[in-house]
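The number in my numbering is simply the position in the sequence shown, starting from 1, with 44 added. Shown next, in structure tokens, is the structure this report addresses.
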Amino acid sequence: MTADRPDPAAGDADRPGPGAGEADRPGAVAGEADARLVVAGVEVARYVVRPDLAPEHGPRPYLHPVRTRAGTLVTDALPADHVWHLGASLAVQDVDGVNLWGGRTYVRGTGYTWRDDHGVIAHSGWRERAADRLTHDLDWRDRTGRTLLRERRRLTAAPAGADAWWLDVSSTLTAATGRDVHLGSPATNGRPGGAGYGGFFWRAVTADEARVFTADATGEEAVNGSAAPWLALTGTGPGGGAYTLVFTGLGPGDRWFVRTAMYPGVCAAYAFDRPAVVRAGTPRRGRHRVLVADGHLDRAAVAARLADPARD
């Protein structure tokens, strides 16, 4: 069986949790806490900094809606199948035993289980707010409010021709406990089937099944768990617009976690098949770049864009 999807062994492990019904779904608190990214005078992404979410839905800052330059929607948030999927965000299911992803926790020998182990990734202060760049500090906290990790995050948006733009997300994680902090996933906690999600995750939206490919592989089964330099996902937005997302930026030991059959999602996974560690006194740095393009790009077109990322 595969990760983050229902299967007979998991029972209803991946279904929305308490309070996740359509009528009472949580939403985002609008206001000055939200920010936006603008390319050539047009808003391409909204950054929800302080979402009003129940603890079991993994409260954390996230990008949604994200759109192409032509206005096609390319993210989903609070979907009925996995309410804790929040547009584009950073989240890990096991941070020293704390669930900062949302949903059920995978317990070795037991499976997915609802536990009172959910923390929050909380905005703690702005350093920079401009139309094309945002920089802020965050605390990764357990359920008692104790900070496990501190993060400095920078998001930028830049044009990539008339039909595309680059999202750049840089993150520096620092242990706040005075000791190493361990990052895990359902896979590292015993779930089979490539269930290594957790890291920089993008929940896409598409009117038909998404297509994924790398330079030398095509399809969910072929690319899930790979360490390809880039990975592309093509889809069709709710209004019928075609789009392509091209992901780059795996760090040492990272792998691609990919889903298309049940839902469209891509994650630069930090602990895909083995735990990762944020060493005390040694920051963990990552840089995730996503090309958000109108139209369905093929391999040759993706390669051309990556060879000339600033193309006009």
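From the three backbone atoms N, C-alpha and C, an ideal C-beta is built for every residue, glycine too. Just so it is clear, the structure is predicted and the values come from calculations on it, not from any experiment.
Under DSSP, the alpha helix (DSSP H) around residue i begins and ends at which residues?
i      : result
Leu350 : Arg343 to Ala351
Glu265 : Glu264 to Val267
Beta-carbon within less than 6 Å of residue i's beta-carbon, same chain only, minus the 5 sequence neighbours each way: which residues are those?
i      : result
Arg198 : Thr179 and Ser214
Arg255 : Thr278
Leu107 : Ala89, Tyr91, Gly131 and Ala132
Gly63  : Unreliable positioning characterises Gly63 in this predicted model, as indicated by a pLDDT of 33, which lies under 50. The coordinate reading is nonetheless provided below. Once the five neighbours on either side are set aside, the close Cβ partners of Gly63 are Ala98.
Val164 : Pro103 and Arg185
Gly234 : Arg152
His226 : Asp140, Pro319 and Val321
Ala286 : Thr280, Gly339 and His340
Pro52  : Because Pro52 sits at a pLDDT of 29, beneath the cut-off of 50, its placement in the model cannot be relied upon, and the point is left open.
Ala202 : Trp210
Asn268 : Gly238 and Val302
Thr292 : Trp274 and Arg333
Ala121 : His108, Leu130 and Gly131
Glu172 : Thr179
Trp170 : His180
Residue i bridges to which residues according to DSSP?
i      : result
Tyr287 : Gly279 and Asp338
Gly228 : Asp138
Gly243 : Ala135 and Ala313
Val88  : DSSP, once it has assigned bridges, lists no residue as partnering Val88.
Gly330 : Ser215
Thr292 : Trp274 and Arg333
Here's a check: name, in chain order, each residue in its chain whose Cβ is nearer than 7 Å to the Cβ of residue i, leaving out the five neighbours to either side.
i      : result
Pro327 : Thr216, Leu217 and Thr218
Thr200 : Asp176, Arg177 and Asp212
Asp260 : none
Arg80  : Glu87, Ala89, Arg90 and Tyr91
Leu117 : Pro109, Arg111, Val249, Gly281 and Pro282
Gly295 : Gly330
Glu264 : Val256, Val302, Arg303, Thr304 and Ala305
Quick one: give me the first and last residue of the beta strand (DSSP E) that residue i is part of.
i      : result
Asp212 : Ala208 to Ala219
Pro203 : Thr191 to Pro203
Arg80  : Ala79 to Val83
His108 : Tyr106 to Val110
Val302 : Arg299 to Arg303
Arg255 : Arg255 to Phe257
Ala320 : Ala320 to Val322
From the beta carbon of residue i, is the nearest beta carbon of chain B less than 8 Å away?
i      : result
His332 : Protein chain content of the structure displayed is limited to a single chain, and chain B is not contained in it.
Who are the Cβ neighbours of residue i in its own chain at under 8 Å, not counting the five residues just before and after it?
i      : result
Glu76  : Unreliable placement is indicated for Glu76, whose pLDDT of 49 sits below 50; no coordinate value is reported for it.
Ala313 : Ser229, Gly240, Tyr241, Gly242, Gly243, Asp298, Arg299, Trp300 and Phe301
Leu144 : Gly102, Arg104, Ala135, Val136, Gln137, His162, Gly163, Val164, Ile165 and Trp184
Gly222 : Ala324
Asp68  : With a pLDDT of 29 at Asp68, under the threshold of 50, the predicted position of this residue should be treated as unreliable, though the coordinate-derived value follows. Nothing meets the Cβ criterion.
Ala192 : One detail in the question is off: residue 192 reads as Leu in this sequence, not Ala. For Leu192, where only same-chain residues beyond five positions count, the Cβ hits under 8 Å are Val139, Asp140, Val142, Gly163, Trp184, Arg185, Asp186, Ala219, Ala220, Thr221 and Val225.
Ala28  : The structure shown does not extend to residue 28, since the chain spans only 45 to 356, so no value can be given for it.
Val1   : Summary: the structure shown does not reach residue 1, with the chain confined to residues 45 through 356, and so no result is reported for it.
Ser270 : Thr258, Ala261, Arg299 and Trp300
| query | Going along the chain, which unbroken runs of the alpha helix (DSSP H) with 4 or more residues stay wholly within the segment 112-189? | reply | Here no run is fully enclosed.
| request: Could you tell me whether the segment 160-169 touches the segment 117-126, where touching means 3 or more Cβ pairs closer than 8 Å? | output: Taking a contact to require three or more Cβ pairs closer than 8 Å, the segment 160-169 and the segment 117-126 do not qualify as touching.
| request: Decide if the segment 229-240 is in contact with the segment 88-103; the criterion is three or more beta carbon pairs, one per stretch, under 8 Å apart. | output: No contact exists between the segment 229-240 and the segment 88-103.
| message | Count Cβ pairs between the segment 301-312 and the segment 180-187 that sit closer than 8 Å; are there 3 or more? | response | Verdict: no, contact absent.
| Using 8 Å as the threshold, is the segment 135-155 in touch with the segment 240-247, meaning 3 or more CB pairs across them? | The segment 135-155 and the segment 240-247 touch, with no fewer than 3 CB-CB distances between them shorter than 8 Å.
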